[in-house]
Amino acid sequence: MNIHSYEKLWLAAAMLLIVGFIATITYGSVGLGITMVGDQEPTVEPDALNEDERFGEPRVEQVGENEYEAYVIAQMFTFQPETIEVPEDSEVTFYVTSRDVIHSFSVAGTNINTMAIPGEVAEMTVEFDDPQEYGVVCNEYCGPDHHNMEGQLHVVPEDDFDLTELSVDAPNEVDAGEDATIDVALENRMHDTLETTVTLEAGDETFTEDVTVDGEDTTETTFTLEESLLEADDTDWTVTVDDYEESGTVTVVDDSADDDDAADDEDAADSADADDEDADGGDDDE
Ligand code: CUA
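The sequence shown begins at 167 in our numbering and counts up by one.
So this is what it looks like as structure tokens:
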């Protein structure tokens, strides 16, 4: 059989192209590490992420000396946490999933880029050197606000980084003549010990307490606001620990006024219909 020389040339060119395509795909997946979201991570229930052990609270966790894990949820049209903060010179493994449709988690200006697929968990390990602020975008079309879906990734100096959580438990009301107790819980999710000061400002007074919180531990501090400080007014309070702050107001409730209220409530129950009409009238006036 005689094959025309042009035919041979085109055959050879086609073969070469096929080899070239296979080579680029191989380089892409092996050389650059571009892969599909792997199935080695256990799947999650997108509708029940709030109860999920790992994604119930999207956050950054310390897992080693300079090693961290970040749990990220992509959803219409935001990322949780919206700002991810990690320290410089760290190795961070991101676990990313979606609560609704397919999104992506792409850190602008880097090669950090993964699809976020409902039910699947994407895993990526990244090393960060110097402090820098990056934007996070979604590059899979996910709905009308896709172009506004953005987050932040902040690589901060080591001294500015902590995983501290402040929670304050204080009453909104106390009975006249009683003290108010304000419970402050300080959680340290870092491995190193945290030494700091809890400051409570209430009315014109300032209370401070030095605390030491072991790594992965929580310390509780209780302040008592004496009845004389509260008097009969609303007392604003603020608890400050490093950059964290929580505030509220304690109101003193007069017992005798309380009794009057109770009596009013009974009256109100008796004439609920009449009250409704009153309420409607009030609305009309506005
Ligand atoms: Cu999320 Cu596009």
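Quick reminder that beta carbons are idealized off the backbone N, C-alpha and C, glycines included.
Margin query: Give me, in chain order, the residues of the same chain whose beta-carbon lies closer than 7 Å to that of Glu393; leave out the 5 immediate sequence neighbours on both sides.
Written below: If you number the sequence shown from 1, residue 393 lands on position 227. Closer than 7 Å at the Cβ level, and outside the excluded window around Glu393, lie Gly343, Glu344 and Asp345.
Check: Got a sec? Which residues, its chain only, sit under 6 Å from Ser256 by beta carbon, not counting five neighbours each side?
Finding: As a position in the sequence shown, residue 256 is number 90, starting the count at 1. Result list for Ser256: Asn232, Tyr234 and Phe294, in chain order.
Note to self: Counting C-beta neighbours from all protein chains within 10 Å, is the total for Thr263 16 or more, i.e. buried, or is it exposed?
What the structure shows: Locating residue 263 in the sequence shown gives position 97, where the first residue counts as 1. By the 10 Å Cβ count, Thr263 comes out buried.
Margin query: On the CB-based measure, 16 or more other CB atoms within 10 Å of its CB, does Tyr237 come out buried or exposed?
Written below: The sequence position of residue 237 within the sequence shown is 71, counting from 1. Tyr237 comes out buried.
Note to self: Relative to the C-alpha of Gly285, which candidate in Gln228, Glu316, Thr415 and Glu207 has its C-alpha closest?
What the structure shows: In the sequence shown, residue 285 corresponds to position 119, counting from 1. Nearest C-alpha to Gly285 among Gln228, Glu316, Thr415 and Glu207: Glu207.
Notebook entry, point to check: Looking at the structure shown, is Ile200 part of a helix, part of a strand, or coil, going by DSSP?
Noted result: Start at 1 with the first residue of the sequence shown, and residue 200 comes out as number 34. DSSP places Ile200 in coil when its eight states are reduced to three.
Checklist line | Helix, strand or coil at Thr388 [DSSP, three-state] | finding: For the purposes of this step, residue 388 is taken as the residue at position 222 of the sequence shown. For Thr388, the three-state secondary structure derived from DSSP is strand.
Note to self: I'd like the span of the alpha helix (DSSP H) that includes Met281, first residue to last.
What the structure shows: Counting from one through the sequence shown, the residue named residue 281 turns up at place 115. Where Met281 is concerned, there is no enclosing alpha helix (DSSP H), although the beta strand (DSSP E) it sits in stretches over Asn279 to Ala282.
Note to self: For the ligand CUA, is there any heavy atom lying closer than 8 Å to the beta carbon of Glu306?
What the structure shows: Numbered from 1 along the sequence shown, position 140 holds the residue referred to as residue 306. Flag set: Cβ of Glu306 near the ligand CUA.
Next item on the list: Specify the secondary structure class of Gly275 as computed by DSSP and reduced to three states.
Entry: Taking the sequence shown and counting its residues from 1, the one referred to as residue 275 is at position 109. Shown here, Gly275 sits in coil according to DSSP, grouped into three states, outside any helix or strand.
Next item on the list: Give the DSSP bridge partners of His269, in chain order.
Entry: To locate residue 269, count along the sequence shown from 1; it is residue 103. In DSSP, His269 forms a bridge with Ala282.
Notebook entry, point to check: With respect to 8 Å, is the separation between the Cβ of Ala240 and the closest non-hydrogen atom of the ligand CUA below this value?
Noted result: Counting from one through the sequence shown, the residue named residue 240 turns up at place 74. Under cutoff, so the answer is yes.
Note to self: Tell me which residue opens and which closes the alpha helix (DSSP H) that Ser504 is part of.
What the structure shows: Nothing can be reported for residue 504: it is not among the residues displayed for the chain, which extend from 167 to 452.
Check: Can you name the residues that DSSP bridges to Gln246?
Finding: The residue labelled residue 246 in the question sits at position 80 within the sequence shown. DSSP output for Gln246 lists Ile239 as bridge partner(s).
Item checked: Three-state secondary structure (DSSP) of Ala314 -> Counting from 1 along the sequence shown, the entry for residue 314 is found at position 148. In the sequence as presented, Ala is not what sits at residue 314; that position holds Asn. Helix at Asn314.
Item checked: DSSP-derived helix/strand/coil call for Glu219 -> Residue 219 sits at position 53 when you count from the first residue of the sequence shown. Coil, per DSSP.
Next item on the list: Answer yes or no: do Val252 and Leu360 have a C-beta to C-beta separation smaller than 9 Å?
Entry: Within the sequence shown, the letter at position 86 stands for residue 252. Within the sequence shown, the letter at position 194 stands for residue 360. Contact: no.
Note to self: I'd like to confirm something about Ser270: is its beta-carbon nearer than 8 Å to some heavy atom of the ligand CUA, or not?
What the structure shows: Here residue 270 is taken as the residue at index 104 of the sequence shown, counted from 1. Ser270 Cβ: within cutoff of the ligand CUA.
Check: Whose C-alpha, out of Asn338, Val322, Tyr261 and Val302, is nearest the C-alpha of Asp296?
Finding: By 1-based counting over the sequence shown, the position of residue 296 is 130. The closest CA to that of Asp296, considering only Asn338, Val322, Tyr261 and Val302, is found on Val322.
Checklist line | Beta-carbon gap between Asp341 and Val418 smaller than 9 Å | finding: The sequence position of residue 341 within the sequence shown is 175, counting from 1. The sequence position of residue 418 within the sequence shown is 252, counting from 1. Yes, these two residues count as a Cβ contact at 9 Å.
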